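J.: Below: one structure in structure tokens.
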Amino acid sequence: MTGDHVLEKRIHTRFDKAFVVVIGSELYGDSIAVGRNLSGGGLLVEMSYAPPLGTVVTVHFQHHRENDVVDEIVARAEVKHHHYLNFTGSRGWDDAASTRAIGIRFVEFVDAGDVIDAYRTH
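Residue numbers (my numbering): 81 to 202.
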């Protein structure tokens, strides 16, 4: 298309917010990460490492309420993409930084089960 019209090719609508998630992996353990661009099909996750493409991870969406009550939704997801993001702050190249991110596709939603033990989180 031409002009100001942009054709959106995504199947699912994205929820453009940043929020904390826990990414679990049998090989790498559990990591606290930042989820972005949540949709019915998947999620972009900024994290300190990038599991190999094809790895199946668990994504823990947690909401902590009063009296130590935790609401949790858990999804199994496949790592589909690796992203390496370079950016600068308001001070230019003196303020340069980078982060890793993975694009994951939801496979299924599962029973939350047990609470994640603190010693498994890094």
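The beta-carbon is built from N, C-alpha and C at its ideal position, and this holds for glycine as well.
As the structure is a prediction and not an experimental result, all values here were calculated from the model.
Just to confirm my understanding: we take Met-127, look at its own chain, exclude 5 residues before and 5 after, and list those with CB closer than 8 Å. What are they?
T.: Residue 127 sits at position 47 when you count from the first residue of the sequence shown. Same-chain partners within the cutoff: Ile-103, Ser-111, Ala-113, Val-114, Arg-180, Ala-181, Ile-182.
J.: Which value, in whole angstroms, describes the spacing of the CA atoms of Gly-134 and Arg-185?
T.: For the purposes of this step, residue 134 is taken as residue 54 along the sequence shown, with counting starting at 1. For the purposes of this step, residue 185 is taken as residue 105 along the sequence shown, with counting starting at 1. Cα-Cα distance, rounded: 10 Å.
J.: Ala-56: buried (16+ other C-beta within 10 angstroms of its C-beta) or exposed?
T.: The chain is shown from 81 up to 202; residue 56 falls before or after that span and cannot be answered.
J.: Following the continuous beta strand (DSSP E) through Ser-105, name the residue where it begins and the one where it ends.
T.: Sequence index remark: in the sequence shown, residue 105 carries index 25 (1-based). Unbroken beta strand (DSSP E) run through Ser-105: 95-105.
J.: Per DSSP, what kind of secondary structure is Thr-135 in: helix, strand or coil?
T.: What you label residue 135 is simply residue 55 of the sequence shown in a count that begins at 1. In this structure, Thr-135 counts as coil in the three-state DSSP scheme.
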